[in-house]
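Numbering that gives the first Met the number 0 applies: residue 0 is where the sequence shown begins, and numbers increase by one. Using N, Cα and C, we set each Cβ at its ideal position, and we do this for glycine too. Everything on this sheet refers to the single structure shown next.
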Amino acid sequence: MNSTGDVVDTGKTSVKYNSLNPKWNEEFHFGYSFTEQEAKRIAAFSLNGGPVHLHEAALTLRVFDYDVTLTRHFKDRKRKVADDDTAEETESPSKESHFKDSGGFLGMVTIPIQPFVHGKRMTADLPLLDEKGYSNSPRTRGSLTVTVQWMHCDDKDDKVLNVTKLWAIGSGGGTALIAKKAKDRPDLPDEAAREVELLHQQMEHLLQLLLTMATEVLDPMYRLHKRMEFAQTKGKTAEEAKMLEQRLDALLRSQLIPQLRTVRDSVARRIDGQLPVVLKKLFGPIEEYLSSFDQSSRRELRSLMEKCIDELNSSTSLLKHVPAENIVPVDAMSMALDQHHQLSVWNDQLRQILDTFFIGDKAQWHFSLEERVNAAYSKLTDGSSSASRGRRGEEQAVERPATAAAVAKRKERLERAKQEKTWYEL
């Protein structure tokens with residue numbers, strides 16, 4: 000409908016039977032000449048010689064209950080036929096007339112047209128309103144999910160200024176579809192930057208602890224563990240296996256467990272306390288940045304932020320686990336690897352928040368030690384896998400049956416020994 004109240008174009012969807020939650024997924028194209036319709040509005044204003052009641056150009060979508068509408072329509076037709084003798088009145092109703100009866104009216108949405116970015120596709124859930132466009136109905140009418148896109152055609156509207164060419168969905172029932180030009184990502188505010196820098200220093204200290212634990216404790220323990228397994232596979236003496244086990248246990252008690260607890264305490268006393276402070280400082284600028292987006296984009300970005308925060312809290316909780324007093328070396332080494340994994344996840348989530356919502360050097364979440372730490376733990380993981388594959392290969396070699404040549408050679412050796420024994424007895 001244009002600004003003078005005239006219907007410019009119409010369309011109708013198919014009927015969805017026996018459904019309380021119908022889905023159409025149908026596409027319609029409506030032509031609207033801004034120049035022509037604006038000229039009509041100005042003409043109406045001029046002819047009346049002053050103010051005139053004009054409508055705001057809008058797209059209106061009406062929803063009807065097909066069964067109710069059709070039933071009432073046929074009842075009305077039947078009553079009319081009974082009162083009229085003319086055969087023309089018995090013609091079956093056309094589909095177009097089914098929906099002119101307000102008896103099956105469920106609700107409508109009105110999407111006024113306002114300046115908007117050309118080509119932008121918008122989707123939103125709009126509440127169904129009553130016939131007058133109000134939502135104060137005593138019962139819930141439901142909602143309608145609609146996608147609208149304005150595409151400007153230069154050859155039909157080339158007289159209009161660019162600023163008036165780019166227009167589409169606006170207020171009223173379509174408030175959720177109002178499109179705003181998104182702001183550029185802001186720099187990290189100074190107050191937030193100071194808190195982020197403090198958290199950065201704490202994380203750098205934590206990465207140094209992990210690197211020291213990997214190179215000075217975990218690497219020797221993995222070597223001892225492999226030697227002990229190798230000795231058991233080759234059937235070495237019990238004394239040697241016992242000695243390796245004692246050395247492994249000594250490293251566990253004197254170095255690994257204390258360092259696991261140091262990492263845990265650093266997370267519990269520093270990281271866990273500083274993270275909420277940082278997030279609190281970031282929320283304000285992030286919300287201001289999100290306010291420049293349309294509803295759909297804002298929802299997606301906020302969902303991303305919430306997901307990252309959930310991951311941060313989950314990783315923090317796992318990093319605060321205390322190693323058991325009676326933990327064995329293998330479980331302790333696995334716990335150290337898991338600490339590194341959770342810390343990597345933690346850093347990735349905070350990095351994603353900062354990269355998504357801020358720009359500038361102050362928002363960078365990178366560490367010079369991070370690559371070295373990842374390489375050290377990757378080496379430990381690969382070494383453990385290689386050792387497992389090597390042990391499986393050795394077991395297969397031990398169990399491999401002798402070949403025919405080996406059996407023949409052994410028989411020949413036994414026969415020679417038998418002959419030598421006979422000659423000696425003679």
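DSSP three-state assignment for residue 106, whether helix, strand or coil: strand
Buried versus exposed, by CB contacts within 10 Å (16 or more), residue 85: In this prediction, residue 85 has a pLDDT of 46, which is less than 50 and means its spatial position is unreliable; what the coordinates show is noted afterwards. That one is exposed.
Pair within 7 angstroms by beta-carbon distance, residue 328 and residue 256: no
Buried versus exposed, by CB contacts within 10 Å (16 or more), residue 204: exposed
Backbone secondary structure at residue 121 - three-state DSSP: strand
Distance between residue 218 and residue 379 (C-alpha atoms, nearest Å): 7 angstroms
Cβ-Cβ distance between residue 124 and residue 139 below 7 angstroms: no
Element boundaries [alpha helix (DSSP H), containing residue 260]: 256-265
Whole-Å CB distance - residue 262 paired with residue 349, under 8 angstroms assumed: Not confirmed; about 18 angstroms, so no contact.
Inter-residue Cα distance where the pair is residue 335 and residue 258: 9 angstroms
Beta carbon of residue 243 nearer than 7 angstroms to that of residue 274: no
C-beta contact flag for residue 288 and residue 361 at 7 angstroms: no
Contact under 7 angstroms by Cβ, residue 146 with residue 109: no
Buried/exposed call for residue 23, threshold 16 Cβ in 10 Å: exposed
Test item: CB-CB of residue 141 and residue 127 under 7 angstroms: yes
Three-way DSSP call (helix, strand, coil) for residue 142 in this model: strand
Selected residue, minimal CA-CA separation from residue 267, among 315, 342, 303 and 369: 315
Beta-carbon proximity check, residue 353 vs residue 364, cutoff 7 angstroms: yes
Cβ shell of residue 340 (< 6 angstroms), same chain only, five flanking positions each side left out: none
Top-ranked residue by Cα proximity to residue 186, from 254, 238, 120 and 285: 285
Which residues DSSP lists as bridging residue 111, in chain order: 57
Pairwise C-alpha distance: residue 210 and residue 358: 29 angstroms
Same chain, Cβ closer than 6 angstroms to residue 195, neighbours up to 5 away in sequence not counted: 277
Where residue 284 falls: helix, strand or coil (DSSP): helix
Cα-Cα separation, residue 272 to residue 337: 22 angstroms
Residue 348 - partner residues in DSSP beta bridges: Note: residue 348 sits in no beta bridge, so no partner.
Sequence-distant residues of its chain with Cβ nearer than 7 angstroms to residue 239 (five each side left out): 230
Selection from 64, 28 and 103 that minimises the alpha carbon distance to residue 20: 64
Cβ-based burial, residue 213 [other Cβ within 10 Å; buried from 16]: buried
Residues bridged to residue 148 [DSSP beta-bridge criterion]: 120
Exposed unless 16 or more other CB atoms sit within 10 angstroms - verdict on residue 376: buried
Delimiting residues of the alpha helix (DSSP H) encompassing residue 296: 294-318
Exposed unless 16 or more other CB atoms sit within 10 angstroms - verdict on residue 221: buried
Which listed residue (107, 120 and 148) has its alpha carbon closest to that of residue 130: 107
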